[in-house]
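Undergrad: Protein sequences appear in the order of chains A and B.
Taken in order, the first sequence gives residues 15 to 382; the numbers are from our numbering.
Taken in order, the second sequence gives residues 1345 to 1449; the numbers are from our numbering.
Cβ coordinates follow ideal geometry from the N, Cα and C atoms, glycine included.
In this text, all values refer to a predicted model and were calculated from it rather than measured experimentally.
Below is one structure. I have some questions about it.
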Amino acid sequence: MSLMAELNQRALHRGVPLSVHLDLTYRCNERCEHCYLEHNGDGEMTTAEIRDLLRQLADAGVFFLTISGGEPLIRRDCFEIIEYARSLSFNVKLKTNAVLIREKQARRLRELNVEQIQISVYSHRQDVHDGISKLPGSLNKTIAAIRLLRSHGLKVTLANVLMKSNLQDSEGVRRLAAELGAHYTLDPTITPRMSGETSVLRLRISPDSLQTVFHNPDLVGNVAEFCAPPAPVDEGALEGLPCSAGHTACYVSPRGEVYPCVQFPLSCGNVRQQPFLDIWKNSPQFLEVRSIRGKDLSTCSSCRHLGTCTRCPGLAFMEGNMRGPSSADCEKSYVRTGIVSAGMLARGTAAAPRLVQIAPASDRHACA
Amino acid sequence: MTDKFIARSSAVAARKLGTETIIMSAVDSTLFSLNETASLIWHAADGKTPLSEIVHRDIFGEFDVPCDQAYRDAAELVEELAHRGILRLSDQPIVDASHESRSQL
C-alpha cells in the first residue's frame, strides 16, 4: 500500500477530512461552454470569513487544500488567502486558467510554495481553446503564464477536459504539456450544472470516441489492464465505500456551503451558521453519505463492475438517487470493458444502437 | 560536542494525524510520515531551541531511553530530515525561522 493510501486509511479511521476543495468565487474571466457553475459573485465569503474557515480546517486536520473557483485569482485577496493558508501549513493546490498570472504572480506562488497549479487547457490550437473559453487570446495568455510558472520551478498540470469540440486535440495538448515541462491529465467527464440543469451534457463525447480514448496507450497506459473485465465482486467491494466524498474529503463553496464534493450538490450545512467541524461530524447529510456501502447501492450492488467502476455518487445524486447508478460511469465501465452494467440493463439502454459491444463476453482478455 | 539547531522548512506542508505528522515537500511533492518521536522533534524545531534541550525536554522524559542514546538517534534523524530538505540544520540558532515558527500544525 502506498504512503498516500495509508494516510487516507488513517484519516478515514479517525474521521479526519484530509482534503478540502475551496472555491473562493464563482466569478470568472472565461465563459467555458461546459462549465457547471453560474458565474455569480453574490454572497461570497469575506477575507475574514475565509481566514476563520481556514483556521477551522487546519484544526480539523485538513492537509490538502485545493483553492479554485470560478477563477480564484479574480479575487483581489487571493494571494492573501493563499499566504494565510500556507502559514497554517496546508498543502495548497491552485486550480486556475492562469490568464491573470504574470511574472509578479508567478514569483509569489513560488515564494509561497504552492505545491502544484492545475491549469485548464482545451486545445493547443488557439481557435479551438478560445472558442471553448469564449475569451479571445486566452490560450496565448495561459501558455505564457505556464512558461513563467515553470521558469520558477512550479509544478504545473494541464487539465484537458475532453468534449466534442476538442476531441481531436488531446494529443496536441499532451505534446504541449511535454514541451512546457508540465504534467498532463485528461478528463472526459462533463457534469450537469450545480443547479441540476443538464444541457451541457450535449457536449460529452460519444461512446465510440470514449472507446478510442480508453484504448489509447498514450492516455491510459496499459490498455489490456485498463480495459480488463472486472474481477468477481467480493466482500471488499460489497463492504467498500463509494469514494472519498464525505469520508476524507469535502467541498466548501464561496458562500460557505459545505458539500461532500464539488460535484455532489447535497448541502450539509453552512460555515456561516455552524462550525465546520460540527457540520463535518454531525450533519445528517454527511452521516447518510458515510453510511452507504457497496452492498447498499440499489442497482450497482448486483453489478459486475461494482469493484472497479468509477461510479460517482454525486452524479448519481444529480440523477435522483445517491445510492443509484451514475449513467456516465455505467457508460465508461461498458466502453472500457465491453460488459454491460446493471444500471444500463435497468434503464434499458444496453441495446441502444449508439453503444457498441467492444469484445464478446467469451473473449475479454483485452479490449484492443 | 557541538549542539545543533533545527527549523522547519517553509517549503513543506505539515499536519498532525494522531500522534504522527504528515509532511509534503512543495519542491518535489515527496510525502513523509513522521512517527511520534520524530513528530515531537519536528514540532519543537523553532530554530532557537538547541536539539539537546529538545531531546531532554520532549524525548528523554517521554520515552524509556538513555539520554545520550536519545540524542544520537535525534541527531541522526535531523540529519536525514535536513538531507531531504524538510528541516534546516545549523550549528547556530536559525534567526529567520519566524515564518516556520508561526505555522500552526
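(1) Count the other CB atoms, across all protein chains shown, that sit within 10 Å of the CB of A:G338; report buried if there are 16 or more and exposed otherwise.
(2) Check whether chain B comes within 8 Å of A:P367, counting only Cβ atoms and requiring the distance to be less than that.
(3) Use the C-beta contact count for B:Q1413: other C-beta atoms within 10 angstroms, 16 or more gives buried, fewer gives exposed.
(4) Does the beta-carbon of A:P298 have 16 or more other beta-carbons within 10 angstroms, so that it is buried, or is it exposed?
(5) Could you tell me if A:N22 is buried or exposed, where buried requires 16 or more neighbouring beta carbons within 10 angstroms of its beta carbon?
(6) Taking B:Y1415 as part of the beta strand (DSSP E), name the residues at either end of that continuous run.
(7) Taking the continuous alpha helix (DSSP H) assigned at A:V237, which residues delimit it?
(8) Kindly indicate which three-state DSSP category A:Y98 falls into: helix, strand or coil?
(9) Are the beta-carbon atoms of B:M1368 and B:L1375 separated by less than 8 Å?
(10) In terms of residue numbering, what span does the beta strand (DSSP E) encompassing B:D1390 cover?
(11) Taking only the alpha-carbon atoms, compute the straight-line gap between A:T39 and A:C46 and give it to the nearest angstrom.
(12) If we call anything under 8 Å between Cβ atoms a contact, is B:I1403 one with B:A1418?
(13) Let me make sure I understand the geometry here. Which of A:F290, A:F228, A:C264 has the alpha-carbon closest to that of A:A238?
(14) Starting from the beta carbon of A:M18, find every residue of chain B whose beta carbon is closer than 7 Å, and list them in chain order.
(15) Hey, does B:A1355 have any beta-carbon neighbour from chain A nearer than 8 Å?
(16) How many Å lie between B:S1373 and B:H1427 at the Cα?
(17) Relative to chain B, which residues along the region 75-104 of chain A have a C-beta separation below 7 Å, given in chain order?
(18) Please list the partners that B:A1382 has in chain A, where partner means a Cβ-to-Cβ separation under 9 Å.
(19) For B:A1358, return the contacting residues in chain A, with the cut-off set at a CB-CB distance below 7 Å.
(20) Could you have a look at A:G186 and say whether DSSP puts it in helix, strand or coil?
(21) Name, in chain order, the residues that DSSP records as bridge partners for A:E271.
(22) For B:G1391, return the contacting residues in chain A, with the cut-off set at a CB-CB distance below 8 Å.
(23) By the 8 Å beta-carbon criterion, what residues does the region 106-137 of chain A contribute toward chain B?
(24) Under the DSSP definition of a beta bridge, which residues are partnered with A:R207?
(25) By how many angstroms is the C-alpha of A:G308 removed from the C-alpha of A:A366?
(26) Measuring alpha carbon to alpha carbon, tell me which of B:E1397, B:K1360, B:A1351 ends up nearest B:D1440.
(27) I'd like to confirm the pairing. Which residues does DSSP put opposite B:K1360 in its beta bridges?
(28) Quick check on A:S281: buried or exposed, where buried means 16 or more other Cβ atoms within 10 Å of its Cβ?
(29) Of all the alpha helix (DSSP H) runs that stay within the bounds of the region 316-354 of chain A, which reach a length of 4 or more residues?
(30) Less than 8 Å between CB atoms is the rule here; does B:G1429 satisfy it with respect to chain A?
(31) Cα separation between A:K346 and A:R65?
(32) Run down chain A in chain order and give the residues with a C-beta less than 8 Å from the C-beta of B:A1388.
(33) For the region 24-36 of chain A, list every residue whose C-beta sits within 7 Å of some C-beta in chain B, in sequence order.
(34) A:D201 lies in the beta strand (DSSP E); which residues open and close that run?
(35) Can you list the residues of chain B that A:K169 reaches, using a CB-CB cut of under 7 Å?
(36) Can you find a C-beta in chain A that's less than 8 Å from the C-beta of B:A1419?
TA: Well, looking at it:
(1) The residue you call residue 338 of chain A lines up with position 324 of the first sequence. Burial of A:G338 is indicated by the presence of at least 16 other C-beta atoms within 10 angstroms of its C-beta.
(2) Counted from its first residue, the first sequence places residue 367 of chain A at position 353. Residue confidence for A:P367 is low, a pLDDT of 38 falling below 50, so the modelled location carries little weight and cannot support an answer.
(3) Counting from 1 along the second sequence, the entry for residue 1413 of chain B is found at position 69. B:Q1413 should be labelled exposed.
(4) Residue numbering aside, residue 298 of chain A sits at position 284 when the first sequence is read from its first letter. A:P298 is exposed by the Cβ-count criterion.
(5) In the first sequence, residue 22 of chain A corresponds to position 8, counting from 1. Under the 10 Å beta carbon count, A:N22 is surrounded by 16 or more other beta carbons and is classified as buried.
(6) For this step, residue 1415 of chain B is matched to residue 71 along the second sequence. Looking at the DSSP string, B:Y1415 is not in any beta strand (DSSP E); the run it does join, the alpha helix (DSSP H), is 1411-1427.
(7) As a position in the first sequence, residue 237 of chain A is number 223, starting the count at 1. Secondary structure note for A:V237: its alpha helix (DSSP H) is the uninterrupted segment 237-240.
(8) The residue you call residue 98 of chain A lines up with position 84 of the first sequence. Of the three classes helix, strand and coil, the one that applies to A:Y98 here is helix, per DSSP.
(9) As a first step, residue 1368 of chain B must be located in the second sequence, where it is residue number 24. As a first step, residue 1375 of chain B must be located in the second sequence, where it is residue number 31. Contact flag set, yes.
(10) For this step, residue 1390 of chain B is matched to residue 46 along the second sequence. Here the beta strand (DSSP E) through B:D1390 covers 1390-1394.
(11) Here residue 39 of chain A is taken as the residue at index 25 of the first sequence, counted from 1. Here residue 46 of chain A is taken as the residue at index 32 of the first sequence, counted from 1. If I take the Cα positions, the gap works out to 16 Å.
(12) As a working mapping, residue 1403 of chain B is identified with position 59 in the second sequence. As a working mapping, residue 1418 of chain B is identified with position 74 in the second sequence. Yes, Cβ-Cβ distance for B:I1403 and B:A1418 is below 8 Å.
(13) Your numbering for residue 238 of chain A matches position 224 in the first sequence. For the residues A:F290, A:F228, A:C264, the minimum Cα distance to A:A238 belongs to A:F228.
(14) Locating residue 18 of chain A in the first sequence gives position 4, counting from the first residue. Per Cβ cutoff of 7 Å: L1375.
(15) Taking the second sequence and counting its residues from 1, one reaches residue 1355 of chain B at position 11. So, interface residue.
(16) Counted from its first residue, the second sequence places residue 1373 of chain B at position 29. Counted from its first residue, the second sequence places residue 1427 of chain B at position 83. Between B:S1373 and B:H1427, the alpha-carbon positions lie close to 15 Å from each other.
(17) So the list reads G75, F77, S101, L102, S103, F104, given in the order they occur along the chain.
(18) The sequence position of residue 1382 of chain B within the second sequence is 38, counting from 1. Within 9 Å Cβ-Cβ: nothing; B:A1382 doesn't reach chain A, min ~14 Å.
(19) Counting from one through the second sequence, the residue named residue 1358 of chain B turns up at place 14. The answer, in chain order, is S103.
(20) Locating residue 186 of chain A in the first sequence gives position 172, where the first residue counts as 1. In the structure shown, A:G186 sits in a helix (DSSP, three-state: H, G or I).
(21) Translated into the one-based positions of the first sequence, residue 271 of chain A becomes position 257. Among the bridge pairs identified by DSSP, A:E271 is matched with A:N284.
(22) As a working note, residue 1391 of chain B is residue 47 in the second sequence. Residues of chain A with a Cβ closer than 8 Å to the Cβ of B:G1391 do not exist; the shortest Cβ-Cβ separation is about 16 Å.
(23) Hits within the stretch, in order: V106, N127, V128, E129, Q130.
(24) Locating residue 207 of chain A in the first sequence gives position 193, counting from the first residue. DSSP lists no partner for A:R207.
(25) If you number the first sequence from 1, residue 366 of chain A lands on position 352. If you number the first sequence from 1, residue 308 of chain A lands on position 294. Note that A:A366 has pLDDT 46, beneath the 50 cutoff, so the model's placement of it is unreliable and the number below is only indicative. Distance between the alpha carbons of A:A366 and A:G308 is about 27 Å.
(26) As a position in the second sequence, residue 1440 of chain B is number 96, starting the count at 1. That would be B:A1351, whose Cα lies nearest to the Cα of B:D1440.
(27) Sequence index remark: in the second sequence, residue 1360 of chain B carries index 16 (1-based). B:K1360 pairs with B:T1365.
(28) If you number the first sequence from 1, residue 281 of chain A lands on position 267. So A:S281 ends up on the exposed side.
(29) Entirely contained in the region 316-354 of chain A, the alpha helix (DSSP H) runs reaching 4 residues are, in chain order, 327-332, 341-351.
(30) Residue mapping note: residue 1429 of chain B aligns to position 85 of the second sequence, counting from 1. No Cβ of chain A is located within less than 8 Å of the beta carbon of B:G1429.
(31) Sequence index remark: in the first sequence, residue 346 of chain A carries index 332 (1-based). Sequence index remark: in the first sequence, residue 65 of chain A carries index 51 (1-based). The alpha-carbon separation between A:K346 and A:R65 amounts to approximately 40 Å.
(32) For this step, residue 1388 of chain B is matched to residue 44 along the second sequence. Against chain A, a Cβ distance below 8 Å from B:A1388 picks out nothing, because the smallest value is about 15 Å.
(33) Result list: R24, A25, R28, V30.
(34) Residue 201 of chain A sits at position 187 when you count from the first residue of the first sequence. The continuous beta strand (DSSP E) containing A:D201 extends over residues 197-201.
(35) On the first sequence, position 155 is the one that residue 169 of chain A refers to. Using a Cβ-Cβ cut-off of 7 Å, A:K169 is close to S1373 of chain B, given in chain order.
(36) The count along the second sequence starts at 1 and reaches residue 1419 of chain B at position 75. No, because no Cβ of chain A sits closer than 8 Å to the Cβ of B:A1419.
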